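Protein chains in written order, with my numbering: chain A, 1 to 271; chain B, 1001 to 1277. Below: one structure, written as structure tokens.
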């Protein structure tokens, strides 16, 4: 895994967030802050870009969320002097689950992620604040996210940083050790960890992704660098199976200029 | 000759907003007593134009063209813009206006078409690297990726260019432990222009973001024989002035004359052989 010049990373991402928020006619940004690493880093960068007075944090715990997560998120906001607000999602999620019960933890996880998205975008309008996403490159590439849930945001400042690089940036930004030192977790149930669910350490996952994506090495070349071939192929499968999460839904082309196919304009058109 | 380099962030596809920005900066350069003001590649339109290109490209004699002619009556202006000529054929151009008219149009020859670049979908390729006179200088223009082909600098070297201006929309990329590798590309070539081809070399790059792509700035001036002497900051907008000295070329040639020692007949013969083989 390649280490980065994190001073340069900070310089770019702070400018990216400031430019993006301002060119879209906003002064404020809002983030869902879980108490985990990614949202802590994204919050810190946003605060540096816009100032703490223009940065809002939402804490959206579910009844199964660890109380430590909320405590870490609140402590971070105190340190950064950012106003935080708690919106419990338990009443909304449980009202739905009461009507449509399930034992499937994936369904519950997706429901929580999409409920948080709903609350976040509602507060975007309340505060006139753009939603800054917290997804990192590792989870984007393997599809470890809920489509239209935690992946929904106006922009993704961490989207080109692998998880292990987010750790490096977190240290550079002086994110508290209690957030940096705990195992990454979607916090959907007790003892859940990302690495347990993915079946790989982020260290190994990121090495494989880096070789395949950045260096364009062949599968056998990656395996020759100390990885089990089947593991490399499993990561490959995660990438291809989740491609639908990384693109807009396809438009069925009928006429000369279909949106997204040959009607081609950047989001920043005239901004 | 006093030149103002403008490192700034155009607004994508908003010709009027960019014209307003140009006018402010041209006026400022005029008040500072500059002879020439240089903007980056596609300064009037932004870079990733896609379908916007058909709505914002310039035409000989259109209103934006006349506006540039008028502004250039008492200061030379180098801008970047797509130019449609003839109908339906668009080139990515560096347009040099002087004394109220277009003095020179350089059409980009090497159009990048890989990864995040798709210029060949939008533009026809130019065909020549021709110098033109400005005051006591013989000037050559380069646009972005052309700068990375040393042979282009050499073509101007053969024509005794003593001022080469490269305008760019270079996205920063290749981040590692030592920062972005893309910055070194331009600076290494600046060294080649200055030290090996004895050209006064000015590089003007843009800043800002278009969607997720950021442009690096880091514009610089490398006088003949000296390497990079002045450089604007990376990432942020900036303006700086350089006084270009035509005598610098002569001084540089006196201490190691690469131009005199060229053997064109050998190179021509070798090119013919290589092309034939």
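Quick reminder that beta carbons are idealized off the backbone N, C-alpha and C, glycines included. Keep in mind the model is a prediction, meaning the values are calculated, not measured.
Please list, in chain order, the chain B residues whose beta carbon lies closer than 7 angstroms to that of residue i.
i	result
residue 265 of chain A	1050, 1051, 1052
residue 11 of chain A	1235
Residue i and residue j: beta carbons closer than 9 angstroms?
i	j	result
residue 17 of chain A	residue 45 of chain A	yes
residue 207 of chain A	residue 4 of chain A	no
residue 15 of chain A	residue 1235 of chain B	yes
residue 220 of chain A	residue 229 of chain A	yes
residue 1013 of chain B	residue 269 of chain A	yes
residue 1158 of chain B	residue 1262 of chain B	yes
residue 149 of chain A	residue 110 of chain A	yes
residue 1163 of chain B	residue 1204 of chain B	no
residue 1137 of chain B	residue 1078 of chain B	no
residue 1043 of chain B	residue 1081 of chain B	yes
residue 1215 of chain B	residue 1207 of chain B	yes
residue 1195 of chain B	residue 1227 of chain B	yes
residue 11 of chain A	residue 35 of chain A	no
residue 1259 of chain B	residue 1198 of chain B	yes
residue 1132 of chain B	residue 1103 of chain B	yes
residue 1144 of chain B	residue 1108 of chain B	yes
residue 176 of chain A	residue 40 of chain A	yes
residue 1022 of chain B	residue 1071 of chain B	yes
residue 154 of chain A	residue 24 of chain A	yes
residue 266 of chain A	residue 1210 of chain B	yes
residue 1278 of chain B	residue 1169 of chain B	One cannot answer for residue 1278 of chain B here, as it falls past the ends of chain B, which runs 1001 to 1277.
residue 1200 of chain B	residue 1238 of chain B	no
residue 1091 of chain B	residue 1126 of chain B	yes
residue 1213 of chain B	residue 1116 of chain B	yes
residue 93 of chain A	residue 62 of chain A	yes
residue 1141 of chain B	residue 1096 of chain B	yes
residue 264 of chain A	residue 1050 of chain B	yes
residue 141 of chain A	residue 213 of chain A	yes
Can you pull the chain A residues whose beta carbon is under 8 angstroms from the beta carbon of residue i, in chain order?
i	result
residue 1122 of chain B	Chain A residues near residue 1122 of chain B: none, gap ~10 angstroms exceeds 8 angstroms.
Looking at the strands, I want to know which residues DSSP matches up with residue i.
i	result
residue 239 of chain A	BP columns for residue 239 of chain A are empty, so no partner.
residue 1207 of chain B	B:1216
residue 1200 of chain B	B:1163
residue 86 of chain A	A:59
residue 1234 of chain B	B:1217
residue 1132 of chain B	B:1139
residue 1096 of chain B	B:1078, B:1104
residue 1002 of chain B	B:1243
residue 259 of chain A	A:263
residue 205 of chain A	None; residue 205 of chain A has no bridge partner.
residue 132 of chain A	A:155
residue 1084 of chain B	B:1090
residue 1037 of chain B	B:1004, B:1077
On the premise that residue j lies in contact with residue i, defined as a C-beta separation below 8 angstroms, what is that separation, rounded to the nearest angstrom?
i	j	result
residue 1075 of chain B	residue 1034 of chain B	6 angstroms
residue 30 of chain A	residue 58 of chain A	6 angstroms
residue 180 of chain A	residue 171 of chain A	7 angstroms
residue 135 of chain A	residue 151 of chain A	6 angstroms
residue 60 of chain A	residue 9 of chain A	That pair is no contact at about 27 angstroms.
residue 200 of chain A	residue 105 of chain A	That pair is no contact at about 20 angstroms.
residue 195 of chain A	residue 183 of chain A	7 angstroms
Residue i touches chain A at which residues, Cβ-Cβ below 7 angstroms?
i	result
residue 1013 of chain B	269, 270
Under 9 angstroms between beta-carbons, which chain A residues line up against residue i? List them in chain order, please.
i	result
residue 1214 of chain B	12, 15, 16, 19
Does any CB atom of chain E fall closer than 9 angstroms to the CB of residue i?
i	result
residue 1017 of chain B	Reference to chain E is not applicable here, since the protein chains of this structure are A and B.
Which of the residues in the segment 1189 to 1212 of chain B, read from start to end, lie with their CB under 7 angstroms from any CB of chain A? 1208, 1209, 1210, 1211
What residues from the segment 3 to 32 of chain A come within 9 angstroms of chain B, judged by C-beta to C-beta, listed N to C? Within the segment 3 to 32 of chain A, the residues whose Cβ lies closer than 9 angstroms to some Cβ of chain B are 3, 4, 5, 7, 8, 9, 11, 12, 15, 16, 19, 20, 23, listed in chain order.
Please list, in chain order, the residues of the segment 1159 to 1182 of chain B that have any C-beta partner in chain A closer than 8 angstroms. Within the segment 1159 to 1182 of chain B, the residues whose Cβ lies closer than 8 angstroms to some Cβ of chain A are 1172, 1175, 1176, 1177, 1178, 1179, 1180, listed in chain order.
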